[in-house]
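Student:
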Amino acid sequence: MLENASLVVFIPVSAIGVARAFYESTLGFAVFEENSFALVINANGTRIRLCPVPDPHPQPFTVAGWEVADIDATISGPDARGVTFKRFEGMDQRANGVWQSPSGDLVAWFADLDDNILSLTQYALLEGT
Numbered sequence: 198m199l200e201n202a203s204l205v206v207f208i209p210v211s212a213i214g215v216a217r218a219f220y221e222s223t224l225g226f227a228v229f230e231e232n233s234f235a236l237v238i239n240a241n242g243t244r245i246r247l248c249p250v251p252d253p254h255p256q257p258f259t260v261a262g263w264e265v266a267d268i269d270a271t272i273s274g275p276d277a278r279g280v281t282f283k284r285f286e287g288m289d290q291r292a293n294g295v296w297q298s299p300s301g302d303l304v305a306w307f308a309d310l311d312d313n314i315l316s317l318t319q320y321a322l323l324e325g326t
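Numbering (my numbering), first residue to last: 198 to 326.
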């Protein structure tokens with residue numbers, strides 16, 4: 198039914214202007230549209246609607262993430278612009294916050310200004326590829 202439809206991601210934020218500064222200036226996304234209902238950004242062809250809500254309640258899990266080819270190189274870019282990568286108790290994370298999953302995937306988490314948890318993942322190469 199939706200196999201040919203494009204995905205749109207919705208993330209609640211407290212203020213569009215504050216969200217715009219973070220997603221556009223810090224993370225480097227282009228803005229598709231801004232109105233009183235949402236700020237729509239272009240995340241490499243996927244639209245993310247940052248929707249203002251009166252009292253956003255961040256979830257304790259990742260709400261959006263990006264696949265990256267080289268997590269260490271990617272982290273050095275946003276980290277230099279003030280992104281702080283999260284550390285979680287009980288997880289064996291590297292000094293830069295990267296965790297290696299049992300399958301070999303590398304993951305790092307950070308939060309936007311409304312404490313929405315976002316992630317970067319470098320997937321391990323599948324054997325034989």
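Each residue gets a CB set at the ideal place from its N, CA and C atoms; glycine is no exception.
1) Mind listing, in chain order, the continuous beta strand (DSSP E) runs of no fewer than 3 residues lying wholly within the region 288-313?
2) How about residue 238 and residue 226: are their beta carbons less than 7 Å apart?
3) When DSSP labels each residue in this structure, what does residue 321 get in the three-state scheme?
4) According to DSSP, is residue 229 helix, strand or coil?
5) Between residue 243 and the rest of its own chain, which residues show a CB-CB distance below 8 Å, the 5 nearest in sequence each way excluded?
6) Residue 258 to residue 229, Cα distance in whole Å?
7) Where residue 266 and residue 252 are concerned, what is the direct C-alpha to C-alpha distance, given to the nearest angstrom?
8) Rounding to the nearest angstrom, what Cα-Cα distance links residue 318 and residue 292 in this structure?
Tutor: On the basis of the supplied data:
1) DSSP runs (the beta strand (DSSP E)) wholly in the region 288-313: 303-308.
2) Start at 1 with the first residue of the sequence shown, and residue 238 comes out as number 41. Start at 1 with the first residue of the sequence shown, and residue 226 comes out as number 29. Going by C-beta atoms, residue 238 is nearer than 7 Å to residue 226.
3) Locating residue 321 in the sequence shown gives position 124, where the first residue counts as 1. Here residue 321 sits in coil by DSSP.
4) Working through the sequence shown from its first residue, we reach residue 229 at position 32. The answer is strand: DSSP assigns residue 229 an E or B state.
5) Reading the sequence shown from its first residue, position 46 is the one you call residue 243. If we look at residue 243 and ignore the five residues flanking it on each side, its Cβ neighbours are 203, 204, 205, 206.
6) Your numbering for residue 258 matches position 61 in the sequence shown. Your numbering for residue 229 matches position 32 in the sequence shown. A straight line joining the alpha-carbon of residue 258 with that of residue 229 spans about 27 Å.
7) The sequence position of residue 266 within the sequence shown is 69, counting from 1. The sequence position of residue 252 within the sequence shown is 55, counting from 1. Roughly 35 Å separates the two Cα atoms.
8) As a position in the sequence shown, residue 318 is number 121, starting the count at 1. As a position in the sequence shown, residue 292 is number 95, starting the count at 1. Going from the Cα of residue 318 to the Cα of residue 292 covers about 16 Å.
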